[in-house]
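The sequence shown begins at 119 in our numbering and counts up by one.
Have a look at the structure below, then the notes.
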Amino acid sequence: MRFIALETPKPLSKIGLGTWQFGSREWGYGPDFERQAAQIVRRAMELGVTVFDTAEIYGFGRSERILGAALGDDRPKVAVATKIFPVVPVAAVVQQRAVASAARLGVTSIDLYQVHQPHPLVADHTTMRGMRVLQDVGLVAEVGVSNYGLRRWQVAEAALGRRVLSNQVRYSMLDRAPEQDLLPYARQAGRVVIAYSPLAQGFLSGRYDAKNPPSGAVRRANPYFLPENLERGATLIETLRQVADAHDATPSQIALAYLLRHPNVLAIPGASGVEQMERNAAAADIDLADDEYAALAEAAKRFRPVTGLAAMPAMVRARFARPTGK
């Protein structure tokens, strides 16, 4: 396992574990997944993973409880990150919600407490006042944000009066906007970009195509998985496979290695089983050659999916289409 080269209270592994699916029915993993979740967490720790990310909104607290129980007595050895869902993120509420999250996780201090998304009406100075108190009393070690643009990340840090260590954003070979400004800033300022959905919810795994679309409510709601987009992505997937063959790896591992090439990026893919966790962790040790990285970047650049309003008619058809066959 490799680690982010920054001074932090606990080492931050380049691959973490995202736990949105823990306790969340929309992923469709079934009632037995809670037991599997504990096995995934234990195996992740054995492989050197030190970052475990959750949120109070995931399963409405169940993800935090499942993660805390799975970590058990090893909680102090890893960096536990969670998020407040900012419905009314004024200082008093921020403090109250942190106490509740810590209780569900079974920790006395949250290693990284993040604002899940920017609030359109509540200014960051109000939210960060609560965060500062939490740091002062020792309930929170590091503060982070999520889904923030660069300017608002900097504003939040000015409001806190201390570093806002991380910004958790959607970042994958399909969603490369963070490369424009967030990644250069993180490297220059000594901050971290945490990449969620680093495999574009499995699109980059190569498991799906127009004739074999995914099941499950989360992926069905993602326009990337429209048949037309799966067809358009065939060239990108083939490039991933070619590079993967050269490294005796999988397309998913290469897609993760593409992100991890940046020194200040930490990826938090989810895992539906122990084997997937093992594959994800192994991606941290893959070194891409310059020409391989360039080929992947060019293939990603050429992928032009149908998204936004243009995708809505197809999304509606896919949502209400009746199954064919007997």
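Just so you know, even glycine gets a beta-carbon here, dropped at the ideal spot from N, CA and C.
No experiment lies behind these values; they were computed from the predicted model shown.
Let me confirm a value: Asn330 is counted as buried when at least 16 other C-beta atoms fall within 10 Å, else exposed. Which label applies? What you label residue 330 is simply residue 212 of the sequence shown in a count that begins at 1. Counting Cβ neighbours within 10 Å, Asn330 comes out exposed, since fewer than 16 surround it.
In the DSSP assignment, what residue or residues form a beta bridge with Phe121? Along the sequence shown, one-based indexing puts residue 121 at 3. Paired residues: Ser131.
Could you give the DSSP three-state label for Gly136: helix, strand or coil? Locating residue 136 in the sequence shown gives position 18, where the first residue counts as 1. Strand.
Ordered along the chain, which non-local residues of its own chain (more than five positions away) have a Cβ less than 7 Å from that of Arg422? Numbered from 1 along the sequence shown, position 304 holds the residue referred to as residue 422. So the qualifying residues of the chain are Arg350.
Relative to the C-alpha of Pro281, which candidate in Ala304, Lys419, Thr368, Gln360 has its C-alpha closest? The residue labelled residue 281 in the question sits at position 163 within the sequence shown. Sequence check: residue 281 is Arg here, not Pro. For Arg281, the nearest C-alpha among the options comes from Ala304.
Residues of its chain near Glu260, where Cβ-Cβ distance is below 6 Å and the 5 sequence neighbours each way are ignored: Here the question's residue 260 lines up with position 142 in the sequence shown. Counting only Cβ-Cβ distances below 6 Å, and skipping sequence neighbours, we find Leu230, Leu283.
Does the Cβ of Leu239 have 16 or more other Cβ atoms within 10 Å, making it buried, or fewer, making it exposed? The sequence position of residue 239 within the sequence shown is 121, counting from 1. Exposed: under 16 other Cβ atoms inside 10 Å.
Assigned exposure category for Ala295 - 16 Cβ within 10 Å defines buried: Mapped onto the sequence shown, residue 295 falls at position 177. Exposed, since its Cβ has fewer than 16 Cβ neighbours within 10 Å.
How should Arg215 be labelled, buried or exposed, when 16 other C-beta atoms within 10 angstroms of its C-beta is the threshold for buried? Here residue 215 refers to the residue found at position 97 of the sequence shown. Its Cβ being crowded by 16 or more others within 10 Å, Arg215 is buried.
Less than 8 Å between the C-beta atoms of Val217 and Leu189, yes or no? Numbered from its first residue, the sequence shown carries residue 217 at position 99. Numbered from its first residue, the sequence shown carries residue 189 at position 71. For Val217 and Leu189, no; Cβs fall outside 8 Å.
Expected contact under 8 Å - CB spacing of Pro369 and Leu358 to nearest Å: Locating residue 369 in the sequence shown gives position 251, counting from the first residue. Locating residue 358 in the sequence shown gives position 240, counting from the first residue. Rounded, the Cβ-Cβ distance is 4 Å, consistent with contact.
Taking just the CA atoms, how far does Glu396 sit from Leu135? Here residue 135 refers to the residue found at position 17 of the sequence shown. Here residue 396 refers to the residue found at position 278 of the sequence shown. About 11 Å.
Could you spell out the range, first to last residue, of the beta strand (DSSP E) harbouring Thr200? For the purposes of this step, residue 200 is identified with residue 82 of the sequence shown, where counting begins at 1. Unbroken beta strand (DSSP E) run through Thr200: 197-202.
Quick check on DSSP: helix, strand or coil for Asp171? As a position in the sequence shown, residue 171 is number 53, starting the count at 1. Looking at Asp171 - three-state DSSP - the assignment turns out to be strand.
State the DSSP-derived secondary structure class of Asp405, mapped to helix, strand or coil. Here residue 405 refers to the residue found at position 287 of the sequence shown. It is coil, neither helix nor strand.
Please state whether the Cβ-Cβ distance between Ala400 and Leu354 is less than 8 Å. Indexing the sequence shown from 1 puts residue 400 at position 282. Indexing the sequence shown from 1 puts residue 354 at position 236. Not a contact, by the Cβ cut-off of 8 Å.
Near the ligand NAP: Gly166 beta-carbon under 7 Å from a heavy atom: By its list of ligands, the structure shown contains no ligand whatsoever, and the ligand NAP lies outside what it can speak to.
In DSSP terms, what Asn330 is bridged to: Residue mapping note: residue 330 aligns to position 212 of the sequence shown, counting from 1. Asn330 is bridged to Asp327.
Suppose only complete runs of 4+ residues qualify. What are the alpha helix (DSSP H) ranges in the segment 185-236, listed by chain order? 209-223
Measure the C-alpha to C-alpha separation of Gly179 and Leu223 and round it to an integer number of angstroms. The residue given as residue 179 occupies position 61 in the sequence shown. The residue given as residue 223 occupies position 105 in the sequence shown. Using only the alpha carbons, I get a separation of about 9 Å.
Chain-order list of residues whose beta-carbon lies under 7 Å from that of Gly256 (same chain, five-residue window excluded): The residue given as residue 256 occupies position 138 in the sequence shown. If we look at Gly256 and ignore the five residues flanking it on each side, its Cβ neighbours are Ser227.
Please work out which residues of its chain come closer than 8 Å, Cβ to Cβ, to Ala187, disregarding the five sequence neighbours upstream and downstream, and give them in chain order. By one-based count along the sequence shown, residue 187 stands at place 69. Ala156, Gly224, listed in sequence order.
For Lys132, count the other beta carbons within 10 Å of its own beta carbon; 16 or more makes it buried, fewer makes it exposed. Which is it? Position 14 of the sequence shown, counted from the first residue, corresponds to residue 132. Its Cβ being crowded by 16 or more others within 10 Å, Lys132 is buried.
Between the C-alpha atoms of Glu182 and Leu278, what's the straight-line distance to the nearest angstrom? Numbered from 1 along the sequence shown, position 64 holds the residue referred to as residue 182. Numbered from 1 along the sequence shown, position 160 holds the residue referred to as residue 278. Cα to Cα, the separation comes out at about 25 Å.
With the cut-off set at 8 Å, would you say Met197 and Thr172 are in Cβ contact? Counted from its first residue, the sequence shown places residue 197 at position 79. Counted from its first residue, the sequence shown places residue 172 at position 54. Note that residue 197 is Ala in the sequence shown here, rather than Met. Cβ distance not < 8 Å, so Ala197 and Thr172 don't count as in contact.
Since I believe Gly391 is in contact with Trp138 (beta carbons under 8 Å), could you give me their beta-carbon distance rounded to a whole number of angstroms? Taking the sequence shown and counting its residues from 1, the one referred to as residue 138 is at position 20. Taking the sequence shown and counting its residues from 1, the one referred to as residue 391 is at position 273. Contact flag wrong, Cβ pair sits at about 16 Å.
Taking a contact to mean a Cβ-Cβ separation below 8 Å, would you say Val263 touches Ala276 in this structure? For the purposes of this step, residue 263 is identified with residue 145 of the sequence shown, where counting begins at 1. For the purposes of this step, residue 276 is identified with residue 158 of the sequence shown, where counting begins at 1. The answer is no: Cβ separation not under 8 Å.
Whole-angstrom distance between Ile202 and Thr244, CA atom to CA atom: Indexing the sequence shown from 1 puts residue 244 at position 126. Indexing the sequence shown from 1 puts residue 202 at position 84. Using only the alpha carbons, I get a separation of about 14 Å.
Give a yes or no on whether the C-beta atoms belonging to Leu374 and Asn398 are separated by under 8 Å. The sequence position of residue 374 within the sequence shown is 256, counting from 1. The sequence position of residue 398 within the sequence shown is 280, counting from 1. In this structure, Asn398 lies closer than 8 Å to Leu374 by Cβ.
So if DSSP puts Ala385 in a beta bridge, which residue, or which two residues, is it bridged to? For the purposes of this step, residue 385 is taken as the residue at position 267 of the sequence shown. Answer by DSSP bridge pairing, in chain order: Ile133, Ala313.
Going by beta carbon distance, what residues of the same chain come within less than 6 Å of Arg120, once the five residues before and after it are set aside? Your numbering for residue 120 matches position 2 in the sequence shown. Closer than 6 Å at the Cβ level, and outside the excluded window around Arg120, lie Lys132, Ala402.
Val258: first and last residue of the uninterrupted beta strand (DSSP E) it sits in: As a working mapping, residue 258 is identified with position 140 in the sequence shown. Taken as a continuous stretch (DSSP letters only), the beta strand (DSSP E) holding Val258 covers 258-264.
Can you tell me whether Asn340 is helix, strand or coil according to DSSP? Here residue 340 is taken as the residue at index 222 of the sequence shown, counted from 1. Coil, per DSSP.
Note down the Cα distance separating Ala199 from Arg309, rounded to an integer number of angstroms. The sequence position of residue 199 within the sequence shown is 81, counting from 1. The sequence position of residue 309 within the sequence shown is 191, counting from 1. Their Cα atoms are separated by approximately 16 Å.
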